[in-house]
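In what follows, a single structure is set out as structure tokens and then discussed.
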């Protein structure tokens with residue numbers, strides 16, 4: 043699971059008002075190189091919840107992202123490279139995603155989050 | 013599935029994907045072009061989306077108790093079957109994912125084995141349920157749901173799945189939904205399917221599943237016996253009877269075919285609930301021991317004539333106009349296109 047995916051995921055348990063962002067529990071992180079595409083990053087930037095990405099990347103052991111970001115930073119190649127790495131190259135291979143309200147853990151195995159709810163959660 | 017008429021009987025794709033396009037409003041055209049298989053061909057050049065909302069409102073309310081639990085028929089004849097046959101999907105899943113380097117696709121399916129296949133191909137995927145998508149509201153630029161809704165066994169669940177697709181896209185975002193049509197291009201195909209009887213559906217889904225059922229406790233959720241240890245469970249027996257009827261022409265099967273569809277309509281028995289077989293030839297079945305297991309626990313049967321292990325999957329096939337009717341009552345989405353393609357009903361919604 044990439045952090046771009048993490049930035050889209052939310053706990054959808056019945057009664058949970060704000061299931062985003064899911065906290066990350068790390069067992070294993072892998073890095074996979076992806077072609078750098080500045081346009082992709084620039085366009086995706088507007089969609090990203092920045093704080094969630096920063097916290098997520100820190101929990102994955104990467105703390106190079108600035109705490110705050112604004113569109114003017116997209117002109118900086120250094121910034122884009124870090125953004126690229128955090129967003130697309132870090133993968134949570136094993137671990138869990140934790141609902142911020144209920145503490146319910148969604149397991150991540152072989153890089154795949156299992157977001158299925160139990161019957162009493164829907 | 014569906015996408016190539018020749019392989020219609022063996023659908024291979026059930027997927028909901030959420031799509032993010034960094035570029036604004038190339039949206040569905042890209043999806044169309046990219047799904048090179050003919051699914052979307054009839055609407056290519058769809059820049060002139062015509063709004064054709066159908067003003068029929070859905071009066072059926074969905075109580076949460078109905079949505080709450082996945083009906084047993086889906087658990088066994090959709091989830092477990094796809095789990096079992098996933099390894100044999102050679103042309104595999106995830107064919108819509110990762111098509112365009114400028115788009116970001118996330119695929120989801122309820123079948124972990126199918127999702128594993130996608131993941132092995134480097135796709136970004138999540139195991140999730142179509143009636144409860146795990147995405148933030150309003151995030152995606154588009155969502156596609158290919159051959160998913162016809163595996164949901166009540167109208168409430170089908171409706172909820174559509175609500176979810178609309179929920180996860182942004183305002184102005186598009187949702188493409190395709191489902192199997194009762195009106196098959198090859199109308200003889202339907203004769204190879206096993207119609208499910210009212211009694212059967214009541215047992216599996218609950219009496220008159222379209223209506224609100226007051227005591228949620230009346231849902232029986234006991235699990236299906238894995239093996240026939242306590243004699244064969246009733247469900248298993250029923251299944252075997254149905255399977256047998258498939259193999260011996262002349263029973264239930266032919267009887268229901270003697271009526272043409274319009275006649276059935278008049279009689280008020282528009283058959284839409286079916287078991288649809290998926291054949292795994294013996295020589296391929298040996299590849300995984302799963303088949304022996306599926307045979308032992310009643311998930312599959314043997315057809316010696318065809319030399320294949322037969323898995324039955326539950327389908328609710330859609331009648332003409334049904335999909336539009338399902339989506340027409342929505343206050344946050346309008347129908348921008350609807351069409352029939354290769355034995356599928358398809359609709360494109362735009363979120364308002």
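Residue numbers (the numbering used here), protein chains in the order written: chain A, 43 to 164; chain B, 13 to 364. Glycine is no exception: its CB is placed at the ideal position from the N, C-alpha and C atoms.
If you check each beta-carbon in the region 130 to 141 of chain B against every beta-carbon of chain A, the ones closer than 8 angstroms belong to 131, 136, 137, 138, 139, 140 and 141. In this structure, residue 144 of chain B and residue 159 of chain A form a Cβ contact; the two beta carbons are roughly 6 angstroms apart against a cut-off of 8 angstroms. The region 80 to 96 of chain B and the region 314 to 325 of chain B touch, with no fewer than 3 CB-CB distances between them shorter than 8 angstroms.
The Cβ atoms of residue 345 of chain B and residue 361 of chain B sit closer than 7 angstroms to each other.
With a cutoff of 7 angstroms on beta-carbon distance, residue 98 of chain A and residue 45 of chain A are scored as near each other. Residue 62 of chain A and residue 150 of chain B have their C-alpha atoms spaced approximately 13 angstroms apart.
For residue 307 of chain B, there are no CB contacts under 6 angstroms within the same chain when 5 residues up- and downstream are skipped.
Contact annotation: in the region 113 to 129 of chain B, residues whose CB is within less than 8 angstroms of a CB in chain A are 113, 114, 116, 118, 120, 122, 124, 127 and 128. Under a criterion of Cβ atoms nearer than 7 angstroms, no residue of chain B is adjacent to residue 134 of chain A; the nearest Cβ is some 12 angstroms distant. Annotated three-state conformation of residue 306 of chain B is helix, per DSSP. Within chain B, the residues 118, 136 and 138 have their CB atoms less than 8 angstroms from the CB of residue 47 of chain A, given in chain order. Proximity of chain A to residue 147 of chain B at the Cβ level (cut-off 7 angstroms) is accounted for by 50, 51 and 52, in chain order. Rounded to whole angstroms, the gap between the alpha carbons of residue 163 of chain B and residue 153 of chain B is 25 angstroms.
When C-alpha distances from residue 151 of chain A are compared across A:69, A:89 and A:123, the shortest belongs to A:69. Looking at A:155, A:103, A:50 and A:80, the one whose alpha-carbon comes closest to that of residue 126 of chain A is A:80. Annotation: residue 64 of chain A to residue 121 of chain A spans about 24 angstroms, alpha carbon to alpha carbon. Assignment of residue 89 of chain A by DSSP, reduced to helix, strand and coil, places it in the coil class. The Cβ of residue 113 of chain A sits no closer than 7 angstroms to any Cβ of chain B.
By the 16-neighbour rule on beta-carbons within 10 angstroms, residue 74 of chain A is exposed. For residue 151 of chain B, the chain A residues whose C-beta falls within less than 8 angstroms of its own C-beta are 50 and 89, listed in chain order.
Counting along the chain, the unbroken alpha helix (DSSP H) around residue 46 of chain A starts and ends at 45 to 48.
In the structure shown, residue 58 of chain A adopts coil according to DSSP, grouped into three states. Excluding its 5 nearest sequence neighbours in each direction, residue 54 of chain A has C-beta neighbours in its own chain below 8 angstroms: 61, 157 and 159, listed in chain order. For the options B:203, B:313, B:287 and B:319, the alpha carbon positioned closest to that of residue 296 of chain B is the one of B:319.
The contact set of residue 100 of chain A on chain B, defined by CB atoms closer than 9 angstroms, is empty, because the minimum CB distance reaches about 20 angstroms. No Cβ of chain A is located within less than 7 angstroms of the beta carbon of residue 344 of chain B. Secondary structure at residue 147 of chain A: strand, using DSSP grouped into helix, strand and coil. Within chain B, the residues 148 have their CB atoms less than 8 angstroms from the CB of residue 62 of chain A, given in chain order. In the DSSP annotation of this structure, the continuous segment of the beta strand (DSSP E) that includes residue 136 of chain A starts and ends at 132 to 140.
Cβ contact annotation for residue 147 of chain A (same chain, cutoff 6 angstroms, sequence separation greater than five): 138 and 140, in chain order. DSSP places residue 65 of chain A in the strand class (E or B) of the three-state scheme.
When DSSP states are grouped into helix, strand and coil, residue 78 of chain A belongs to the coil group. Any Cβ of chain B closer than 7 angstroms to the Cβ of residue 158 of chain A would place that residue at the interface, and such an atom is present. Rounded to the nearest whole angstrom, the CA to CA distance from residue 129 of chain A to residue 67 of chain A is 17 angstroms. Closest in C-alpha terms to residue 143 of chain A, from the list A:88, A:112, A:163 and A:153, comes A:163. Bounds of the beta strand (DSSP E) holding residue 325 of chain B are 320 to 328.
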